[in-house]
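Let me begin by presenting the structure, written as structure tokens, before commenting on it.
Chains as they are written, first to last, in this note's numbering: chain C, 253 to 756; chain U, 319 to 675.
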């Protein structure tokens, strides 16, 4: 075992974040670490990397007990970490990033040539042919991720922790990353892989450890793992399957539904080709496509964040101008953005303030919402969405990702919009919250709200959508309805340019 | 609610009381207040009166800083507004129109800053630096390069008059501070400003009109600067384009910081900033009264300000809390270990309060 953890415990005020956890990592092993939000994965990793001091227990690396007190110390001991958000400097070159803080020197000056050579040597074996003299920021997130891994492996070289490395990668990039990780496994590194994507865990790992509420539930070899059992272990109860929507065949005439709002020629050069969209009462529109295909940009146009020069928005008989989010909100739209940390939550305001903020902005600054109404609303949504927080006065930034997402949802539900756009509403949140949010979508549409959902997870789209629009290369290429909404059909449309079906 | 806001103000109140105590040691009659000639007099009254300009500036500066901005131009705006009022009153436009003119000039200056920051998107420190440096020139143009004096007794009242014995500048900053503080909390303005300060993009996506809000905040700062400018101009019965409000923007920023408001925007307290302004003035006046040679003033001020900021720092208070908890834990352990018995109680030293009873 390259790394052994014995009865590790860590307390925070009011919470046992880790409770007597054992964990073993062999050299040449990829070990999946699974659990819901708040299960203790991050705490375990932070104890390993020196960000937290443990309360008790021991960590043994290569037979030596260790207790790193900083990330730098952990790196020196041999434990490197790569996070979802790449912790590098995009404005420096690849080589500078790789060798940051230990640049080769000659006569006291940085030796550019040696640096290049060294950087190229470090990247060898990663299967990426990139110019190390270019700025890191000019490469895709996947390449940046690989550079981060190369740096971590070179610095540390015993244990590599990958914390949600694939969250912002598309399928090809994930494959590239996995090849690299498998190569590192061959070189004898112990690799801890944290991910919410179960497919990837099954694909990549040798063993899996499940944490729940700070306790270790089980460690099993991946080959002998049953999917349902795994999810049951993570949740502590059987996952209630989200029922696939009842659908009529594509040809059958669905009962005509009331049109809420109609968009025509929404588009802008180099962003998205102009598209039309008619939104009906109570329907769920799925938007499928790879990252960067133009799906988020499409949503941003609908919500008035990006301008569409030729776009027209018809609200019944009248044409409305949605030049800003304010206009869109006034027209009864809502938008929960993809990146909830930078675009969604107001981190240091409380849960209550975050929930009422959109409503308050609509009421105007003069008509402050009465305190007891704020409280009533907050309590209602904390209850309805099962937001895990001690009370409404806790800062949203202190909540876990899934709960932050629920707060953003609560904010829009409080507005009761006619048409709600959800961009990756379930990204980075645990299985339980995931299912809850999908059930919530069903409930809302039953009440007549129309929802547009953007997601990388096809199963999710298939489960909830009445129709699925496929976006590829900045173009809305096809629309699938009824029993056409199948995994294979969607993938076909995303992937194959020659199989093009045009929008009806 | 009241308990929480009091807790928020505790560091500032404690700092102020400690300073007053410190000065009293050197200058025993520091707290003495007399009533003569229909007005209150005494060192403390002097402090609240002389602290008026910075207190007024701090009100507006708090709002600007809450939006993650900064307004370096307030000192200059004071000079411009003072010059405008002095020019108007000495040209015979009457007291009230002159005062209104000055306030309008302050609002216009704020509008300029606000547009630069929120519409054109210049960083606040750069945007307001423009008016800070160029504005002195505008003030000089108004006064034509001289100290523009006037002899309007009504105007002078703003600087040296009293209301029920209280110096008029004090009444002004009290009213301005209370007015803005109530407006922030009785309406949703406070919350919206904090939201924009913490995350402007997310706020705009929620439908908050961040652009207008930012302009309004800089205009509020301009208005406060105009009132402060009127106070100093009325006080000396003349507009000094070169020296009115000179460097006061820095004192105002310092007051906001001593008030525990983050320069990164977000949560703010106007009351705390005003307390910060009073702390600064207590230091200034206190050093003079304590009789130190004047060349020591700035050094002593620096040391005191540093001490206050270090004591208030959240890092330190977290460690302080940690130390207290550790102590409590150890005490609890010891108490558990020691047998509970009667005699032990009598060994405990009797507190003084019980002795005096």
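By construction, the Cβ of each residue, glycine as well, lies at the ideal position given by its N, Cα and C atoms.
query                                                                                                                                  : result
Beta carbon proximity, residue 383 (chain U) to chain C, threshold 8 Å                                                                 : no
Integer Cβ distance of residue 433 (chain C) from residue 255 (chain C), believed to fall under 8 Å                                    : Their Cβ separation, rounded to whole angstroms, is 17 Å, which puts residue 433 (chain C) and residue 255 (chain C) out of contact at 8 Å.
Residue interval of the alpha helix (DSSP H) (run including residue 495 (chain U))                                                     : 486-504
Helix, strand or coil at residue 637 (chain C) [DSSP, three-state]                                                                     : coil
Interface residues of the segment 477-503 of chain U facing chain C [CB-CB below 8 Å]                                                  : none
Residue 253 (chain C) and residue 272 (chain C) closer than 8 Å at C-beta                                                              : no
From C:574, C:261, C:690, C:693, residue whose alpha carbon lies closest to that of residue 584 (chain C)                              : C:574
Under 7 Å by beta carbon: chain U residues contacting residue 614 (chain C)                                                            : 525
Within 8 Å of chain C by C-beta, residues of the segment 502-522 of chain U in sequence order                                          : 504, 505, 506, 507, 509, 510, 512, 513, 516, 517, 519, 520, 521, 522
Exposure label - residue 427 (chain U); buried when at least 16 CB within 10 Å                                                         : buried
The segment 592-615 of chain C: positions lying closer than 8 Å to chain U by Cβ                                                       : 594, 595, 596, 597, 598, 599, 600, 601, 605, 609, 610, 612, 613, 614, 615
Cβ contact check for the segment 504-523 of chain U and the segment 397-417 of chain U: 3 or more pairs under 8 Å                      : no
C-beta neighbour in chain U for residue 515 (chain C), strict 8 Å                                                                      : no
Contact check, residue 388 (chain U) vs residue 446 (chain U), beta carbons under 8 Å                                                  : yes
Within 7 Å of chain U by C-beta, residues of the segment 564-590 of chain C in sequence order                                          : 577, 578, 581, 587, 589
Closer than 8 Å to chain U by CB, residue 618 (chain C)                                                                                : yes
Whether residue 399 (chain C) touches residue 388 (chain C) by CB criterion (8 Å)                                                      : yes
Segment limits, alpha helix (DSSP H) that includes residue 434 (chain U)                                                               : It is not in any alpha helix (DSSP H) - residue 434 (chain U) carries neither H nor E in the DSSP assignment.
Residues of its chain near residue 461 (chain U), where Cβ-Cβ distance is below 6 Å and the 5 sequence neighbours each way are ignored : 401, 557, 559
Bridge partner(s) assigned by DSSP for residue 621 (chain C)                                                                           : BP columns for residue 621 (chain C) are empty, so no partner.
CB-CB length for residue 458 (chain C) against residue 473 (chain C), believed under 8 Å                                               : 7 Å
Chain-ordered neighbours of residue 585 (chain U) on chain B, where CB pairs are closer than 8 Å                                       : In the displayed structure, chain B is absent; the protein chains listed are C and U.
Coarse secondary structure for residue 591 (chain U), derived from DSSP in three states                                                : helix
Selected residue, minimal CA-CA separation from residue 395 (chain U), among U:458, U:554, U:642, U:479                                : U:458
8 Å contact criterion, which residue 446 (chain C) and residue 297 (chain C) should meet: CB distance rounded                          : 7 Å
Cβ separation of residue 475 (chain U) and residue 356 (chain U), assumed to be a contact under 8 Å, to the nearest whole Å            : The Cβ separation is near 13 Å, so there is no contact.
Environment of residue 536 (chain U) [buried if 16+ CB atoms lie within 10 Å]                                                          : buried
Three or more C-beta pairs below 8 Å linking the segment 339-350 of chain C and the segment 301-313 of chain C                         : no
Alpha carbon of residue 631 (chain C) to alpha carbon of residue 644 (chain C), nearest angstrom                                       : 7 Å
Pairwise C-alpha distance: residue 530 (chain U) and residue 361 (chain U)                                                             : 42 Å
First and last residue of the uninterrupted beta strand (DSSP E) at residue 430 (chain C)                                              : Residue 430 (chain C) -> not in any beta strand (DSSP E); alpha helix (DSSP H) instead, spanning 423-438.
In DSSP terms, what residue 733 (chain C) is bridged to                                                                                : C:719
Option in U:590, U:547, U:609 with minimal Cα separation from residue 416 (chain U)                                                    : U:547
Opening and closing residue of the beta strand (DSSP E) in which residue 459 (chain U) lies                                            : Run containing residue 459 (chain U): none in the beta strand (DSSP E); it sits in the alpha helix (DSSP H), 442-461.
Contacting residues, own chain, Cβ-Cβ under 6 Å from residue 579 (chain C) (five flanking each side not counted)                       : 556
Nearest residue (CA-CA) to residue 722 (chain C), options C:603, C:547, C:664                                                          : C:547
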